[in-house]
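Protein chains in written order, with the working numbering: chain A, -6 to 284; chain B, 142 to 934.
Below: the structure, in structure tokens.
Written as structure tokens, this is what we have:
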């Protein structure tokens, strides 16, 4: 690997990292897991002047629920941390379904959830998961912290709304209203391939009644699509064949796929509808069994 | 006392691969592991455009970068008459572009610098002014009226056609078709793929100014051919060239051709009088070096109502990229395509072939196959399947009906090959039994009632491996024989060298086993060396499954020469005449008194210490082996699959392979070869392809776009064997390295198509990506050609 020349910094505090970012005036990139950035540097698609390695900053590798149910993921939490967390299926079923489908085992060992969100690849999986869950990214700048909802965090392919002197330090998901259920399905040609289509669904139930729902779509638009409107159709209802079909149809309409060697536009829309249906039908069966 | 052959690691021993102890510990010695004093590093600047005129190349900024030693351009090479080089198919190929670039990734300039970082930076600083030209990416465009002529550098080339070639009996075939009850037709595309060895290509050229000797460490499967070629191209006397091919990280045909990087690194070393290392990156390997396949095939089959095949017509349109640099025997233009239908008793056939230039990377190497055999056998099996469908015949039965029978050998194939052995029906029976054929057919019908789509596909074929006999097979006029040299030291240990070159096939293990079989010297006492032209005897190298058939046979023959001399020594030691002694593994003994004997090791010591009067000392020899025929292994591959009707995703339920590769020297290595071949067969059927957009941009230039299956998606394979010894090979072995890659793809494709079978779907071209399967399923029509590529990528 022969990247262009760059300087390397390894700050040990968030504040130091933010200061370095500010000093670099937009010519720095943050290195967390490096699973997207380093290959891009290898190909010289990315040639940052400075790499700011945040791996020496203590206290960022956490993930878990606050007492109020808010679920937090620190900037150095690796995909594998979620994949191996046995409690995740209960607390965060959509995340639990997605974690083992991220890239391949090697990438999951080093890659981070927050880094993946910041990378803003339209084919990345976490953005649609976080979108479906109504999650946010916490950014720290020289003047303090702010929360940015995931639906607003990305403003184009490989572009996020962070200021050049802001560091993403956490992603969080609000506490559920009722019981949380969900799933993630991904059509990929091979392990480690980007998604042809990825569908994240999160549904919160009170009994069998839907209290909150979210749908996120990966790979079928210039950036992740939060099909909120399709999900909201379900709120206040019990899942049934009709409303599942309507939500699936609406999600397919909201997707904006393009034909390429992974599949035609029509095919990708069809897969969106199929996957939304599959996840919701499975949730319908589970909730009715519980009830 | 008789030596136990399996214990000494002889024929049939599942001996662990001796080379693995260094490979798995990271202690292999690949080209990139070699560092020479004063070594410089070379990087290639490649064309971003597929077809463009070069208006100027300005390297001034690159030369100004500290640490840059030399920038080589087409102009510089032209001044030394090195801008073009000959290819293995009697064409020419640009070393560095002078007039035009003709494919994306073509070599335009090279930088030699103190380290690879500087070389890469300097490449980016070279300014090339291109004038874009219209791009041709397939045979249809290449032969269209008014198509731009890609090879306008060639004086008599007024279009993009490279060759029109034919073989077979046209009149006889016409007569067979006139007499047919039914004529079946099929048209398909075998997409371009790339062998993609883990190790890319590379070289270190070391021109010694003190001795004027050129040493080149090089990733090559055929070091001796390279030595001859370098001698001719660079006009260096052959004895002043040493090619060393150290450990190779895979080859699969990709490391047979001569690439511009090798040539330029040699020139750079001569000019700078310092060692120059060039290591290709993965993208460079995928977009510029020898690819496989990329061919459109169509044909017809004349049939009797009962399924008997009366004749075949075939036509191929092959896409060779910008330079015709296929690695293949001289006589043939489209490799051994005409080996198609060799396992079936078909009286007559005719093949026409047209090859064209396009604005794509050149190559057309035999990617894990014996020169276009993969395409031939894929077409054969799909055509037989189409005939079965048309006649409403069972796919196993139509094959059985048309197989060449066990007692019909030798058999002349419709295109003139001579097959010599096989038990085709037995292999098929074992395969059907293993897959549970009749049960599966019932299961398939039941499943269909519940909306589940199951399918089964059979592929059977024999292929010619081990080119070849020297009457018919040569490369650039050099006959395709091979050699081995064996030195038995006085303590009975031995050094064996051959002209082949392992790239992972396990020669160090297998060749020693042949020596053990012939001489009774334990395999662990035999060290095997290959790849250094200053020490290894001449050979044509390793590709087309030819090592065991040719070099392996030479190992047997040289061992037998050693044994013949040892017999004379034994007679001397036992004080009898040669006629009075017998041989058993590892030992000569008195026929009249079997307890009196001498071991091969005792004979070896005597060769250096106690010789009969007048005998030349030492115990070493060499053998050149020119095989009387190719070897004809047989494979039967059966896949069962289930297709998800809502997504088109398909999963392999079971896969059975029955391989008859004759006598197995090391059954474990043979099984490994078959497993690897099947993985590649699955890859091609499912995902592994390279395609191009309309501007000639390569889609498949890295491992995110060019998909190699991992162990996660690759299905399990159940292996079975039949042994029909090769009648002419000294130990009855046949080639095997490529059978599964060649025969496997049709089994997967037929199985998926079988699952969808309904009116209208006759063909789905590889790769069987889910969207293509879904389209065939829901639209009920063929899905043909390369996957569509968006042009605004």
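Beta carbons are placed, not taken as given, at the ideal position from N, Cα and C, and that holds for glycine.
If you check the CB distance, residue 134/A and residue 159/A come in under 8 Å. With contacts defined by Cβ atoms closer than 8 Å, residue 363/B and residue 682/B form a contacting pair. Shown here for residue 691/B: same chain residues with a beta carbon closer than 7 Å to its own, the five before and five after excluded, namely 607, 622, 623, 766 and 768 in chain order. For residue 791/B, no CB of chain A lies under 8 Å from its own CB, so it is not counted at the interface with that chain.
Restricting attention to 828/B, 929/B, 661/B and 645/B, the CA atom closest to the CA of residue 169/B is found in 645/B.
For chain B, none of the residues of the stretch 27 to 46 of chain A brings a beta carbon within less than 7 Å of one of its beta carbons.
Contact check for residue 764/B against residue 739/B fails: the beta carbons are separated by 8 Å or more. Closest option to residue 457/B, judged by alpha-carbon separation, among 858/B, 435/B and 430/B: 435/B. In terms of Cα proximity to residue 205/A, the closest of 258/A, 223/A and 213/A is 223/A. Spatial neighbours of residue 365/B in its own chain (CB-CB distance under 8 Å, excluding positions within 5 residues in sequence) are listed in chain order as 384, 640, 674, 677, 679, 680, 681 and 682. In this structure, residue 347/B keeps its C-beta atom at 8 Å or more from the C-beta atom of residue 386/B. Note that the stretch 843 to 862 of chain B does not touch the stretch 630 to 639 of chain B; fewer than 3 beta-carbon pairs, one per stretch, sit closer than 8 Å. One alpha carbon belongs to residue 445/B, the other to residue 323/B, and they sit about 6 Å apart. Burial check for residue 243/B: the Cβ neighbour count within 10 Å reaches 16 or more, so the residue is buried. Here DSSP, grouped into helix, strand and coil, assigns residue 165/A to strand. It is roughly 29 Å from the alpha-carbon of residue 840/B to the alpha-carbon of residue 897/B. Counting of Cβ neighbours within 10 angstroms places residue 380/B among the exposed residues, the total staying below 16.
In the DSSP assignment, the residues bridged to residue 359/B are 344/B.
Taking 8 Å as the threshold, the shortest C-beta distance from residue 243/A to chain B does not fall below it. Rounded to the nearest angstrom, the Cβ distance from residue 470/B to residue 395/B is 18 Å, too far for a contact under 8 Å. DSSP places residue 225/B inside the beta strand (DSSP E), whose first and last residues are 225 to 227. Annotated three-state conformation of residue 229/A is coil, per DSSP. For chain B, none of the residues of the stretch 130 to 158 of chain A brings a beta carbon within less than 7 Å of one of its beta carbons.
Bridge pairing for residue 880/B: absent [DSSP]. Restricting attention to alpha helix (DSSP H) runs no shorter than 4 residues, the stretch 604 to 691 of chain B encloses them at 648 to 660, ordered along the chain. Per DSSP, residue 377/B lies in no alpha helix (DSSP H) and is assigned neither H nor E.
When C-alpha distances from residue 568/B are compared across 546/B, 584/B, 589/B and 586/B, the shortest belongs to 546/B. The C-beta of residue 73/A comes no closer than 8 Å to any C-beta of chain B. Between residue 816/B and the set 541/B, 664/B and 778/B, the nearest pair of CA atoms involves 778/B.
Among the residues of the stretch -5 to 12 of chain A, those with a Cβ less than 9 Å away from any Cβ of chain B are -5, -4, -3 and -2, in the order of the chain.
The continuous beta strand (DSSP E) containing residue 775/B extends over residues 775 to 784. Listed along the chain, the chain A residues whose CB falls inside 9 Å of the CB of residue 851/B are 97, 183, 184 and 185. DSSP places residue 112/A in the uninterrupted alpha helix (DSSP H) bounded by 106 to 112. DSSP, reduced to helix, strand and coil, places residue 277/A within a helical segment of the structure shown. Shown here, residue 737/B sits in coil according to DSSP, grouped into three states, outside any helix or strand. Proximity of residue 207/B to chain A, defined by a Cβ-Cβ separation below 8 Å, is not satisfied.
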